[in-house]
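Engineer: Read in order, the letters of the sequence shown are residues 48 to 412 in the working numbering.
For every residue, glycine included, the Cβ atom is placed at its ideal position computed from N, Cα and C.
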Amino acid sequence: MSKKISDGLEDVVAAATVLSEVDGQAGRLIIRGHSLDELAGRIAYEDLARLLWTGFFGDLPGDFGPALGAARVQVFEEVSALDTGLLALSPIEAMRALTARLADGDSLDVAFRLMAAPAVFTAAVVRGQAGEAPVRPDPTLSHAADILRMIKGRAPTEAEATALDTYLVTVSDHGLNASTFAARVVASTRAGLASATLAGISALKGPLHGGAPGPIIDMLDGIGAPENARAWIEDALARGDRLMGFGHRVYRVRDPRADALKKAVRRLGDGSNVLPGRLAFAEAVEQAALAILKERKPDRTLDTNVEFYTALLLEALAFPPSAFTCVFAMGRVAGWIAHAREQLAGGRLIRPQSRYIGPLPKVAA
Ligand code: SDX
Numbered sequence: 048m049s050k051k052i053s054d055g056l057e058d059v060v061a062a063a064t065v066l067s068e069v070d071g072q073a074g075r076l077i078i079r080g081h082s083l084d085e086l087a088g089r090i091a092y093e094d095l096a097r098l099l100w101t102g103f104f105g106d107l108p109g110d111f112g113p114a115l116g117a118a119r120v121q122v123f124e125e126v127s128a129l130d131t132g133l134l135a136l137s138p139i140e141a142m143r144a145l146t147a148r149l150a151d152g153d154s155l156d157v158a159f160r161l162m163a164a165p166a167v168f169t170a171a172v173v174r175g176q177a178g179e180a181p182v183r184p185d186p187t188l189s190h191a192a193d194i195l196r197m198i199k200g201r202a203p204t205e206a207e208a209t210a211l212d213t214y215l216v217t218v219s220d221h222g223l224n225a226s227t228f229a230a231r232v233v234a235s236t237r238a239g240l241a242s243a244t245l246a247g248i249s250a251l252k253g254p255l256h257g258g259a260p261g262p263i264i265d266m267l268d269g270i271g272a273p274e275n276a277r278a279w280i281e282d283a284l285a286r287g288d289r290l291m292g293f294g295h296r297v298y299r300v301r302d303p304r305a306d307a308l309k310k311a312v313r314r315l316g317d318g319s320n321v322l323p324g325r326l327a328f329a330e331a332v333e334q335a336a337l338a339i340l341k342e343r344k345p346d347r348t349l350d351t352n353v354e355f356y357t358a359l360l361l362e363a364l365a366f367p368p369s370a371f372t373c374v375f376a377m378g379r380v381a382g383w384i385a386h387a388r389e390q391l392a393g394g395r396l397i398r399p400q401s402r403y404i405g406p407l408p409k410v411a412a
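1. Could you tell me the alpha carbon to alpha carbon distance between G109 and A147, rounded to whole angstroms?
2. For A329 and F168, I'd like the C-alpha separation in whole angstroms.
3. Please say whether G258 and A372 have beta carbons closer to each other than 7 Å?
4. Per the contact definition of three or more C-beta pairs closer than 8 Å, is the stretch 101-108 in contact with the stretch 384-391?
5. What residue range is occupied by the uninterrupted alpha helix (DSSP H) comprising D268?
6. Kindly identify the DSSP beta-bridge partner or partners of L76.
7. Taking 6 Å as the cut-off, is the beta-carbon of L56 closer than that to any non-hydrogen atom of ligand 1?
8. Taking all protein chains shown into account, decide if Y403 is buried (16 or more other Cβ within 10 angstroms of its Cβ) or exposed.
9. Whole angstroms is fine: what's the gap from L66's alpha carbon to A177's?
10. Return the residue from the list D212, R183, T217 that minimises the CA-CA distance to R201.
11. Is there contact here, the stretch 374-383 with the stretch 214-230, by at least three beta-carbon pairs under 8 Å?
12. What residue range is occupied by the uninterrupted alpha helix (DSSP H) comprising K199?
13. Note down the Cα distance separating E68 from E207, rounded to an integer number of angstroms.
14. Where does the unbroken alpha helix (DSSP H) through P165 begin, and where does it stop?
15. For the alpha helix (DSSP H) that F371 lies in, which residues bound it at each end?
16. Relative to ligand 1, is the shortest distance from any of its heavy atoms to the C-beta of E289 smaller than 6 Å?
17. Looking only at C-alpha atoms, which of A180, K341, L215 sits nearest to K199?
18. Distance check for I52 and V216, CA to CA, integer angstroms please.
19. Does N224 pass the burial test, meaning 16 or more other C-beta atoms within 10 Å, or should it be called exposed?
20. Mind checking whether the beta-carbon of F293 lies closer than 6 Å to any heavy atom of ligand 3?
21. Rounded to a whole number of angstroms, what is the C-alpha to C-alpha distance between K252 and I139?
22. Compute the minimum distance between the beta carbon of R347 and the heavy atoms of ligand 1, and state whether it is under 6 Å.
23. Which residue comes first and which comes last in the alpha helix (DSSP H) that contains P113?
24. Quick check on this structure: which residue in A141, T236, R304 has the alpha carbon closest to the alpha carbon of D70?
25. Do S49 and D151 have their CB atoms nearer than 7 Å?
26. Assuming A262 and M291 form a contact by the criterion Cβ under 8 Å, report the distance between their Cβ atoms to the nearest whole angstrom.
27. Any chance you could list the alpha helix (DSSP H) runs of at least 4 consecutive residues sitting entirely within the stretch 287-356, in chain order?
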């Protein structure tokens, strides 16, 4: 009796992990035994990364700050390879290409360089595409503060650094999402942490996954005012478009990260890049989208996912929408590396079966 194929591996449990649990019914995210609201806005990204990596690398430095700062300076040397060809690519393609120049391996040094890479390379690419010279990392700053400084060319405010740190923590790990699963598959062949990270970056790029936040700004700008929301959304759905920022494979209720990030936007508040009334407008669009999705798909809960308020927060921090997925990678890379090491520690080569439905040879061999 042939086994049933699970479309998109939905409901397939492919690994046991100590890293994170996504409870889709309860709308709860646990990372290494802590609920999201114990972490978001309360722990620095460096400390969250140490929490994720504990147990997977032997002895770890008590404070990740200096090692991560040194790694930013080390990978910055690769920025000299940023040529007109790479600058003609999208930010995530150029960041991926520069990351591919890093030596592979499984050591903690390799891991720190990979955690630094999306931040340093994205900043250099965004500035290069704006015709500005790259800014050398400052290893004495926190990761979030240095990211903003390398992008903006000036020291961020404390509120800006806190808002970005909250984002990086919030998106750092999330069960066996597509990019993390891709990283685990590659890690399971013992290809190395750089190869696993590149697989994660490539999977994250897709609009059904980490590529969603940028188009959300396009949607908000396309709608323009709350009274246009229903018509715009109905036209989009009539075209067969997906509303970016809504729906999730696991969450059957509101993604808990949505409100964590909405709170971060509120805390950042005016005085940042947030246009007055932008949050209220986005909330009106969100309510219209939720109402229409409920009307259209009464049998399928399509609630707000992490990306909707990610877009508002990264816009408020003045990241270009084309680089939003790169910022997602800056946070998620700590999770990809932890999962890669967990896969290496106890897992086997990941190699599922398939059912052949193609033609058979004419003559039986
Ligand atoms: C992330 O897995 C993770 O944990 C991912 C993530 C993480 O932290 O790593 O949480 C990050 O990727 C969040 C999701 C970001 N993507 C988007 O916002 C893109 C828009 N959302 C969708 O495309 C969709 O909701 C998915 C891809 C996220 C999940 O889709 P599923 O579980 O594969 O469900 P499906 O595509 O089979 O859709 C079921 C039905 C379909 O209708 P029918 O064809 O059956 O009539 O729901 C509809 C879909 O058309 N639907 C949507 C929709 N999402 C699902 N319709 C309109 N807009 C949407 N957003």
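Structural biologist: In terms of the structure at hand:
1. For the purposes of this step, residue 109 is taken as residue 62 along the sequence shown, with counting starting at 1. For the purposes of this step, residue 147 is taken as residue 100 along the sequence shown, with counting starting at 1. Whole-angstrom Cα-Cα distance: 29 Å.
2. One-based indexing of the sequence shown puts residue 329 at position 282. One-based indexing of the sequence shown puts residue 168 at position 121. Between A329 and F168, the C-alpha separation is close to 30 Å.
3. Within the sequence shown, numbered from 1, the residue matching residue 372 stands at position 325. Within the sequence shown, numbered from 1, the residue matching residue 258 stands at position 211. For the record, residue 372 in the displayed sequence is Thr; it is not Ala. Yes, these two residues count as a Cβ contact at 7 Å.
4. yes
5. For this step, residue 268 is matched to residue 221 along the sequence shown. D268 -> alpha helix (DSSP H) spans 260-270.
6. Within the sequence shown, the letter at position 29 stands for residue 76. Partner(s): V69.
7. The residue labelled residue 56 in the question sits at position 9 within the sequence shown. L56 Cβ: outside cutoff for every heavy atom of ligand 1.
8. Start at 1 with the first residue of the sequence shown, and residue 403 comes out as number 356. Exposed, because fewer than 16 other Cβ atoms sit within 10 Å of the Cβ of Y403.
9. For the purposes of this step, residue 66 is identified with residue 19 of the sequence shown, where counting begins at 1. For the purposes of this step, residue 177 is identified with residue 130 of the sequence shown, where counting begins at 1. Between L66 and A177, the C-alpha separation is close to 38 Å.
10. Here residue 201 refers to the residue found at position 154 when the sequence shown is read from its first residue. Out of D212, R183, T217, R183 has the C-alpha closest to the C-alpha of R201.
11. yes
12. Residue mapping note: residue 199 aligns to position 152 of the sequence shown, counting from 1. Here the alpha helix (DSSP H) through K199 covers 190-199.
13. Counting from 1 along the sequence shown, the entry for residue 68 is found at position 21. Counting from 1 along the sequence shown, the entry for residue 207 is found at position 160. For E68 and E207, the distance between alpha carbons rounds to 29 Å.
14. Locating residue 165 in the sequence shown gives position 118, counting from the first residue. It spans 155-176 - the alpha helix (DSSP H) in which P165 sits, taken as one unbroken run.
15. Within the sequence shown, numbered from 1, the residue matching residue 371 stands at position 324. Element bounds for F371: 371-393.
16. Numbered from its first residue, the sequence shown carries residue 289 at position 242. The amino acid occupying residue 289 in the given sequence is Arg; Glu does not appear at that position. Yes; taking the cut-off as 6 Å, the Cβ of R289 has a heavy atom of ligand 1 nearer than that.
17. On the sequence shown, residue 199 is found 152 positions in, with the first residue counted as 1. Among A180, K341, L215, the Cα nearest to that of K199 is on A180.
18. Position 169 of the sequence shown, counted from the start, is the residue given in the question as residue 216. Position 5 of the sequence shown, counted from the start, is the residue given in the question as residue 52. Their Cα atoms are separated by approximately 35 Å.
19. Indexing the sequence shown from 1 puts residue 224 at position 177. That one is buried.
20. What this structure holds is ligand 1, not ligand 3.
21. As a position in the sequence shown, residue 252 is number 205, starting the count at 1. As a position in the sequence shown, residue 139 is number 92, starting the count at 1. Those two C-alpha atoms are separated by around 7 Å.
22. Translated into positions along the sequence shown, residue 347 becomes position 300. R347: yes, Cβ under 6 Å from ligand 1.
23. Indexing the sequence shown from 1 puts residue 113 at position 66. It spans 111-123 - the alpha helix (DSSP H) in which P113 sits, taken as one unbroken run.
24. In the sequence shown, counting from the first residue as 1, residue 70 sits at position 23. Among A141, T236, R304, the Cα nearest to that of D70 belongs to R304.
25. The sequence position of residue 49 within the sequence shown is 2, counting from 1. The sequence position of residue 151 within the sequence shown is 104, counting from 1. No; because the gap between Cβ atoms is not below 7 Å, this pair is not in contact.
26. Within the sequence shown, the letter at position 215 stands for residue 262. Within the sequence shown, the letter at position 244 stands for residue 291. Correcting the residue identity first, residue 262 is Pro in this sequence and not Ala. That pair is a contact at about 5 Å.
27. 303-315, 325-343
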